[in-house]
Structures are given as C-alpha cells and as structure tokens.
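J.: Please find one structure pasted underneath; my questions will follow.
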Amino acid sequence: MHIKHTSLLATLILVGSFNASALQLEGGVGNQYPQAKDDHISTVVGVYTSATGNVTSNDLYGTVATLEQSWVGQYGLITSFASDGTYTYQLFEGTDNSSLPSSGVGTDSFTYTYANESGQTDTARLIIDVNADPNPSDVSNSPIARDDINTIIPNEIITVSGDLTTNDSNGNYIQLNSSPSSEYGVLVVSADGIYTYTLYSTAPSVINLKAGEVVTDIFNYQFFANSGESSTAILTVTI
5 MHIKHTSLLA
15 TLILVGSFNA
25 SALQLEGGVG
35 NQYPQAKDDH
45 ISTVVGVYTS
55 ATGNVTSNDL
65 YGTVATLEQS
75 WVGQYGLITS
85 FASDGTYTYQ
95 LFEGTDNSSL
105 PSSGVGTDSF
115 TYTYANESGQ
125 TDTARLIIDV
135 NADPNPSDVS
145 NSPIARDDIN
155 TIIPNEIITV
165 SGDLTTNDSN
175 GNYIQLNSSP
185 SSEYGVLVVS
195 ADGIYTYTLY
205 STAPSVINLK
215 AGEVVTDIFN
225 YQFFANSGES
235 STAILTVTI
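Heads up, the working numbering is the position in the sequence shown plus 4, with the first residue counted as 1.
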C-alpha cells in the first residue's frame, strides 16, 4: 500500500507540474513585449526614386506603428506612413550623384515606435540607402538649391542655426532674397550658407501665440555658382 500511495503522489506532482508549465507558457506568449527590428531599403538616384514597404514585416507582438519626429530626411522624405506600418519614401526632386558623399551612398534614417494593445512599446529604425546612379547621363553642373527647415520653441529654444548649403549642390555662395527680419524673428546668413535665426521672444506676435499654435517664418534664398547661374529655395522656421 505504501508503494501505491507513493506512485499516486508522484503522478499527481508530475501532472501538476506539466499543467503549471503549460499555463505559464501560454500566458507568456500572450504577454510578450513588442519586438521592433530595423528595416533597410534602397533607392537609386535618377533610377528608383521612391521606395515602399512595411516596417512591421519583421516585427513581433505589436499592433500599431507610429513614425517619430520628423518625416523629412537629408535626401528625401516619408510621404505616407500608416499605423499598420506601410510607408512610402520619395527622394527630393533634384537629388543627383553630386548630392551624395564621395562613397556614392547616402543614408536617411527614421525612427518608429511599435506598440501592443497594452501600451507597451519598442523602437526601431527605417534606414533608406540612397545610391548613386551607376550610369549618369546628361549630368548638369548647374546649382541646385533645396528647401531647408528648422524649429524654434518659445520660452525654450529661441535661437537656432544651420547651413543652408548642406543639401545643396554645384554652387559657391548664398544670397538672401527676402527681408532678414519678420514679425517673429530675424535671420542672419553669411555667404557660405551658415545662418542663425533668433526669435523676437518679447514681440506681441510671439507672446500672443496660444498653447499648441504653430506659425512659420519663411525666407527665400538664392544659391549661386561662380558662373552666375543660380537656384532658389526656402528656409522655413517653424515656431
């Protein structure tokens, strides 16, 4: 009798342990944190100027993808990004081989958040490789100016600076075409493209901005080559 009781007890312990393990395994899968993994895709200047895909195709345990921060890169921008992770990237018009580093490959990187229904999140990057056209034809050496953006935050960041020529090509110097001063601030630009924008933090137009209200200060500039040829673009300061 003693042996039978021992066998029965061992059987109950074994079955109980199996069931507990099964329950833990089942519950663990349902409570997995989202796992977002970096995505890579390529474009080719003048050949494949756009790219589409889904950033969640290699991610796990999430339901909603959200693109963080700016949708604008150095060579192009994200034109659409849906909550299911589908996106479209488009190179800026005028992007050519001269826009890229000497290696012939530039990179735009965008961070996104992947969330599950419980609100848990993970982040990863969408990395766009911008490759040079291997067979460029009829290449123009004319100046190409591309639009620039920057952001001011009243009471936090009242001065920003940058270089207008960072994303321009085939030119030598900058000339501002619009007034350097507006109702919101003043822009100082040197011929090499280095600029500083300072907010008029005590101006009524700034003080009277409502919480969440966004306005823009826009400046036109011209990018010249030594030959006299030029191209125009704008600097937009978001306030």
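All C-beta atoms in this analysis are idealised placements derived from N, C-alpha and C, irrespective of residue type, glycine included.
So the alpha helix (DSSP H) S46 belongs to, where does it begin and stop?
T.: Counting from 1 along the sequence shown, the entry for residue 46 is found at position 42. Unbroken run through S46 is the beta strand (DSSP E), 43–48; no alpha helix (DSSP H).
J.: Distance check for L64 and D43, CA to CA, integer angstroms please.
T.: Here residue 43 refers to the residue found at position 39 of the sequence shown. Here residue 64 refers to the residue found at position 60 of the sequence shown. Spanning the two alpha carbons is a distance of roughly 13 Å.
J.: Just how far apart, CA to CA, sit V218 and Y177?
T.: Position 214 of the sequence shown, counting from 1, holds the residue named residue 218. Position 173 of the sequence shown, counting from 1, holds the residue named residue 177. Cα-Cα distance, rounded: 31 Å.
J.: Between the Cα of L213 and those of E187, S194, G197, N230, spot the shortest distance and give me the residue it belongs to.
T.: In the sequence shown, residue 213 corresponds to position 209, counting from 1. Closest option to L213, Cα to Cα, is E187.
J.: Of the choices A215, D126, Q226, S209, whose alpha-carbon is the least far from that of S194?
T.: The count along the sequence shown starts at 1 and reaches residue 194 at position 190. Among A215, D126, Q226, S209, the Cα nearest to that of S194 is on Q226.
J.: Out of N135, S183, Y116, which one is the CA nearest neighbour of S54?
T.: Against the sequence shown, residue 54 aligns to sequence position 50. Considering only alpha carbons, the answer is N135.
J.: Does the stretch 202–213 come into contact with the stretch 117–126, if we say contact requires no fewer than three beta-carbon pairs (one atom in each stretch) closer than 8 Å?
T.: The answer is no - the stretch 117–126 does not touch the stretch 202–213, with fewer than three Cβ pairs under 8 Å.
J.: For T53, name the three-state secondary structure that DSSP assigns.
T.: Looking up residue 53 in the sequence shown gives position 49. T53 falls in the coil class under three-state DSSP.
J.: On the three-state DSSP scale, how would you describe S87?
T.: For the purposes of this step, residue 87 is identified with residue 83 of the sequence shown, where counting begins at 1. It is coil, neither helix nor strand.
J.: In whole angstroms, give me the CA-to-CA distance for S46 and T206.
T.: Along the sequence shown, one-based indexing puts residue 46 at 42. Along the sequence shown, one-based indexing puts residue 206 at 202. One C-alpha to the other measures close to 47 Å.
J.: Please report the Cβ distance between L244 and F85, rounded to the nearest whole angstrom; I am assuming they are in contact, meaning their Cβ atoms lie under 8 Å.
T.: Examination of residue 244 is not possible in this model, given that the chain is present from 5 through 243 alone.
J.: By Cβ distance, which residues of its chain are closer than 8 Å to D172, with the 5 residues on each side in sequence left out?
T.: Here the question's residue 172 lines up with position 168 in the sequence shown. Result list for D172: P147, I148, A149, R150, G197, F227, S235, A237, in chain order.
J.: Does the beta-carbon of D88 have 16 or more other beta-carbons within 10 angstroms, so that it is buried, or is it exposed?
T.: Along the sequence shown, one-based indexing puts residue 88 at 84. So D88 ends up on the exposed side.
J.: Roughly how many whole angstroms lie between the Cα atoms of I156 and Q73?
T.: On the sequence shown, residue 156 is found 152 positions in, with the first residue counted as 1. On the sequence shown, residue 73 is found 69 positions in, with the first residue counted as 1. Taking the straight line joining both Cα atoms gives about 15 Å.
J.: Rounding to the nearest angstrom, what Cα-Cα distance links T170 and P38 in this structure?
T.: Sequence index remark: in the sequence shown, residue 170 carries index 166 (1-based). Sequence index remark: in the sequence shown, residue 38 carries index 34 (1-based). Computed Cα separation, rounded: 37 Å.
J.: Determine the burial state of I153: buried for a count of at least 16 other Cβ atoms within 10 Å of its Cβ, exposed for fewer.
T.: In the sequence shown, the residue the question calls residue 153 occupies position 149. Result: exposed.
J.: Going straight from the alpha carbon of S4 to that of Y116, what length do you get?
T.: For the chain, the structure presents residues 5 to 243; residue 4 sits outside this window and is missing.
J.: Between the alpha carbons of G175 and N62, how many angstroms are there, rounded?
T.: Reading the sequence shown from its first residue, position 171 is the one you call residue 175. Reading the sequence shown from its first residue, position 58 is the one you call residue 62. Roughly 42 Å between the two C-alpha positions.
J.: Taking C-beta to C-beta, are Y91 and N58 nearer than 9 Å?
T.: In the sequence shown, residue 91 corresponds to position 87, counting from 1. In the sequence shown, residue 58 corresponds to position 54, counting from 1. Going by C-beta atoms, Y91 is nearer than 9 Å to N58.
J.: Looking only at its chain, what residues have a beta carbon closer than 6 Å to the beta carbon of T240, apart from the 5 residues adjacent to it on each side?
T.: Translated into the one-based positions of the sequence shown, residue 240 becomes position 236. Cβ within range, chain order: I153, T220, I222.
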